[in-house]
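This report concerns only the one structure given below.
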Amino acid sequence: MREPPRVATWILKYWTSVDECVAGDLLERYHRGGRSSLWYWRQVFSAIAHDAIRDLGARPVRGALAIGIGLVVVWWGANSILFWLLNLPEWLFATGLTKELYARGLTLPQSLRDFPGLSAWKALVYAVSGWVVVRTASTARASIAFAYVPFVLGANAIAFVQYFGHYPIAQLTIDLLILYPLAALVGGLAAARKFASIRGVES
Amino acid sequence: MSRSTLTDFELMILLAILRLGDDAYGVPIADEIERTGRRTVAIAAVYVALERLAARGLVTSSLGDPTPERGGRAKKFFRVTGKGARLVRDTYAALNAMWRGLSVVKGHA
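If you read the protein sequences in the order shown, they are chains A and B. Every letter in the first sequence is one number past the one before it in this note's numbering, and letter 101, counting from 1, is 101. Every letter in the second sequence is one number past the one before it in this note's numbering, and letter 22, counting from 1, is 225.
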């Protein structure tokens, strides 16, 4: 008997609130109805979306606040490196780094602007923001982490338009639309309580 | 929740449970809606609606035995309560009254 996609089953088990009966129904429909892997993935995404809508709908103010704080963390974190660099000790002028920085005004040195230097830092910031969002939301459920991702994507889509022409399009796409949203999700999931442990299911 | 009406999806689920009788669990409910109601549904959506209906006292559930086909997981069977059946009847009567005399829905526009 063919097995459904393992990653999808793992997400369903640990990061959604569906109980064992729903997982059993999905498996039965997958096997008996000869459904495709794509169908299974769609069902898992549907479970995630329903979790997110239900949890945000139950506590909309708290959810909005958590997501708002997450976006502020992103803004602060991504810009703090600028503030930090502007306050470098004087001896670093000898290294040329600060000289370049001052020469370019408030823009980062090219070495830091290039992929993947700044990307790694920002990915970390996004991961922290995801963690903060889930911890701020009262339920600390994975659904909040998943719900946060469309907001990150929305904000980054605006940034994409803003930076278009200033950075290579491949870098913008990888950074803004793939790496950072993924980092936010991973950070959020790291902070979320696993549903399998809530249900008492062994991993 | 004090809502005394049903969404079209909730009505479809209640009708599917009534049609299935003792065999009403997630898979046949979704199949019945897809086949008879000609509408694609996700299992999660069915359960979210069933959860709402249960919270309103319109359906009850009981666990069946685990089966190998389902990876050893149990089935959750649903039944429409008396309150649920009354609401289905009321909804049917209300919709019927709204439809009465409308030639456009009979294709005579």
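Ideal Cβ positions, reconstructed from N, Cα and C, are used throughout, including at glycine. All of these numbers come straight from a predicted model, not from anything done at the bench.
Under 6 Å Cβ to Cβ from Phe146/A, same chain only, skipping five residues before and after it: list those, please. Ile48, Ala52
Pairwise C-alpha distance: Val133/A and Ala23/A: 27 Å
Would a check of beta-carbon distances place Ser46/A closer than 8 Å to chain B? yes
For Val44/A, the first and last residue of its enclosing alpha helix (DSSP H): 37-58
Please confirm whether Tyr14/A and Tyr30/A have their CB atoms less than 8 Å apart. no
Using DSSP's beta-bridge definition, name the partner residues of Thr208/B. DSSP output for Thr208/B lists no bridge partner at all.
Kindly say whether Lys278/B, judged by its beta-carbon, lies nearer than 8 Å to any beta-carbon of chain A. yes
Terminal residues of the continuous alpha helix (DSSP H) containing Leu189/A? 180-191
Measuring alpha carbon to alpha carbon, tell me which of Leu185/A, Leu176/A, Gly57/A, Gln43/A ends up nearest Ser119/A. Leu176/A
Using a C-beta cutoff of 8 Å, does Val262/B count as contacting chain A? no
Identify, in the order they occur along the chain, each residue of the same chain with its Cβ nearer than 8 Å to the Cβ of Pro5/A, setting aside the five sequence neighbours on each side. Ser37, Tyr40, Trp41
Under 9 Å by beta carbon: chain B residues contacting Ala23/A: Arg273, Gly274, Arg276
Cα-Cα, which of Asn79/A, Arg141/A, His166/A is closest to Ala123/A? Asn79/A
Classify Ser129/A as buried or exposed, calling it buried when 16 or more other Cβ atoms lie within 10 Å of its own Cβ. buried
Could you list which residues in chain A have their beta carbon closer than 8 Å to that of Ala313/B, in chain order? In this structure chain B extends from 204 to 312, so residue 313/B is not present and cannot be described.
So, is Thr210/B buried or exposed, given that buried needs 16 or more other C-beta atoms within 10 angstroms? exposed
Test: Ile246/B CB closer than 8 Å to a CB of chain A: yes
Spatial neighbours of Ala66/A in its chain, beta-carbon cut-off 7 Å, leaving aside the 5 residues before and after: Val133, Thr136, Ala137, Ile144
Can you tell me the Cα-Cα spacing of Val283/B and Leu217/B, whole angstroms? 7 Å
When you compare only the Cα positions, how much space is there between Ala155/A and Trp75/A? 10 Å
Considering only C-alpha positions, which residue in the set Arg273/B, Pro271/B, Arg255/B, Ala277/B is nearest to Ser265/B? Ala277/B
On a Cα-Cα basis, can you pick out the residue from Ile232/B, Tyr295/B, Gly287/B, Gly224/B that is closest to Ala258/B? Gly287/B
Please determine, among Val186/A, Leu172/A, Tyr148/A, Thr173/A, the residue with the shortest C-alpha to C-alpha distance to Val72/A. Tyr148/A
Thinking C-alpha only, which one of Gly63/A, Tyr163/A, Phe151/A is nearest Tyr126/A? Phe151/A
Go ahead and pull the three-state DSSP assignment for Val283/B. strand
Less than 8 Å between CB atoms is the rule here; does Val291/B satisfy it with respect to chain A? no
Apply the 10 Å Cβ neighbour rule to Ile236/B and answer buried if 16 or more other Cβ atoms are within range, or exposed otherwise. buried
Segments of 4+ residues assigned as alpha helix (DSSP H) that fall wholly inside the stretch 138-177 of chain A: 142-163, 169-172
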